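Before any comments, here is the structure.
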Amino acid sequence: MTKNILEAVNIVREFFGIEDYPGDFFSRLEKVDYTKEYRLLLFKEDIDKLSGFIGYGVDDLAVICINYKRTYGHQNFTLAHELGHLFLHKGVSISDDDHALGYSGDKVEKEANEFASELLYPEEFLVKDHFFAIQQDLYLESNRKELGEYIDKLCRRYCLSYEMVLRKLLYKNRQAKQYRKIRKEIVKAIGGKVSEVFEKDFYSVNEELPQYQRFMKPYLELEEKVDRLVAKGKIGKATGESIKLRSGVKNS
Numbered sequence: 250m251t252k253n254i255l256e257a258v259n260i261v262r263e264f265f266g267i268e269d270y271p272g273d274f275f276s277r278l279e280k281v282d283y284t285k286e287y288r289l290l291l292f293k294e295d296i297d298k299l300s301g302f303i304g305y306g307v308d309d310l311a312v313i314c315i316n317y318k319r320t321y322g323h324q325n326f327t328l329a330h331e332l333g334h335l336f337l338h339k340g341v342s343i344s345d346d347d348h349a350l351g352y353s354g355d356k357v358e359k360e361a362n363e364f365a366s367e368l369l370y371p372e373e374f375l376v377k378d379h380f381f382a383i384q385q386d387l388y389l390e391s392n393r394k395e396l397g398e399y400i401d402k403l404c405r406r407y408c409l410s411y412e413m414v415l416r417k418l419l420y421k422n423r424q425a426k427q428y429r430k431i432r433k434e435i436v437k438a439i440g441g442k443v444s445e446v447f448e449k450d451f452y453s454v455n456e457e458l459p460q461y462q463r464f465m466k467p468y469l470e471l472e473e474k475v476d477r478l479v480a481k482g483k484i485g486k487a488t489g490e491s492i493k494l495r496s497g498v499k500n501s
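Numbered by the working numbering, the letters in the sequence shown go through residues 250 to 501 in order.
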């Protein structure tokens with residue numbers, strides 16, 4: 250990891266008051282007025298094949314959109330990835346599909362992935378988790394069930410996908426090329442798919458839950474601003490309602 254990425258991660262940690270790792274980054278953002286404090290507008294929408302994107306509005310307002318039809322760990326990594334673009338490639342509008350958040354060879358995407366990985370799962374914690382796995386013999390083929398349960402625990406601690414955490418540990422243990430084989434062995438050992446055995450709503454999309462729905466905060470903020478303009482006589486009521494309709498605040 251290059252010096253500029255580490256510096257950007259440290260800036261973000263200080264920026265958002267992160268002492269170690271953020272865990273569920275969305276929950277952290279809910280505690281602050283990030284639109285005012287951080288010049289950031291966050292949306293969660295169904296954006297089809299994209300995992301997320303970042304663009305810019307008036308006065309360098311950063312607009313980030315996350316696809317809520319992805320598992321929550323995937324959403325969390327996407328948010329960190331887009332923040333990587335903000336702090337490393339500011340001013341450049343970028344759309345990211347699932348491939349971009351994986352193992353893209355593109356320099357810009359690789360930097361954003363390294364940024365997100367270090368921010369959400371810092372190297373010092375990865376080293377500790379890897380050492381624990383070694384101490385407990387979790388990498389032995391006979392302990393696939395225990396390894397599977399350990400990965401689940403880490404996924405929920407760092408709010409990351411099962412694939413990402415398992416791949417990172419296997420990479421540390423020089424078994425990265427065996428990922429598919431070991432993943433299949435884990436599934437067999439735990440008695441089913443990860444989303445069936447562990448917390449289903451974390452590993453699969455459930456649109457009945459808030460984390461898998463459209464994020465209404467930016468729309469409510471827009472509605473309040475429009476209503477204030479109408480109340481002050483800056484715009485007419487019909488104009489205000491039209492703005493709300495076009496912006497998705499209200500349905501036709």
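For glycine and all other residues, C-beta sits at the position ideal for the given N, C-alpha and C. On a predicted model such as this, the values are computed, not experimentally measured, just so you know.
CB of residue i to nearest heavy atom of the ligand ATP: below 7 Å?
i: Leu299; result: The ligand ATP is absent from the structure shown, which contains no ligands of any kind.
Reducing DSSP to helix, strand and coil, say where residue i ends up.
i: Asn362; result: helix
i: Cys408; result: coil
i: Asn316; result: strand
i: Tyr305; result: strand
i: Leu458; result: coil
i: Asp282; result: coil
i: Glu448; result: coil
i: Leu337; result: helix
i: Phe275; result: helix
i: Ser491; result: helix
i: Glu472; result: helix
i: Leu299; result: strand
Round the Cβ separation of residue i and residue j to the nearest angstrom and send it over; I've been treating them as touching at under 8 Å.
i: Phe364; j: Leu328; result: About 12 Å; that fails the 8 Å criterion.
i: Arg288; j: Asp309; result: 6 Å
i: Ser342; j: Ile313; result: The pair is not a contact, with the Cβ atoms about 11 Å apart (cut-off 8 Å).
i: Tyr388; j: Asn422; result: 5 Å
i: Leu278; j: Leu291; result: 7 Å
i: His503; j: Leu350; result: Because the chain spans 250 through 501 in this model, residue 503 falls outside it and cannot be assessed.
Expressed to the nearest angstrom, what Euclidean distance is found between the alpha-carbon atoms of residue i and residue j?
i: Leu494; j: Asp297; result: 22 Å
i: Phe447; j: Arg393; result: 15 Å
i: Ala487; j: Gly301; result: 33 Å
i: Arg416; j: Ala425; result: 6 Å
i: Ser391; j: Tyr399; result: 14 Å
i: Leu419; j: Thr251; result: 22 Å
i: Asp386; j: Glu395; result: 9 Å
i: Glu215; j: Val479; result: Outside the shown range of the chain, which is 250 to 501, sits residue 215, and nothing can be said about it.
i: Gly397; j: Ser491; result: 52 Å
i: Asp450; j: Lys483; result: 45 Å
i: Ala257; j: Gly485; result: 44 Å
i: Arg262; j: Glu472; result: 31 Å
i: Thr284; j: Ile383; result: 43 Å
i: Asn362; j: Lys481; result: 45 Å
i: Met458; j: Cys404; result: With the sequence shown as reference, residue 458 is identified as Leu, and Met is not the correct amino acid for it. If you take the alpha carbons of Leu458 and Cys404, they lie about 19 Å apart.
i: Phe464; j: Glu470; result: 12 Å
What do you reckon, are the CB atoms on residue i and residue j nearer than 8 Å?
i: Gly272; j: Tyr407; result: yes
i: Ile315; j: Lys280; result: no
i: Ser410; j: Phe326; result: yes
i: Lys356; j: Val454; result: no
i: Tyr321; j: Gln460; result: yes
i: Lys442; j: Val436; result: yes
*Which runs of the alpha helix (DSSP H) spanning at least 4 residues fall entirely within the segment 345 to 403, listed in chain order?*
Qualifying alpha helix (DSSP H) stretches, in chain order: 356 to 369 and 372 to 384.
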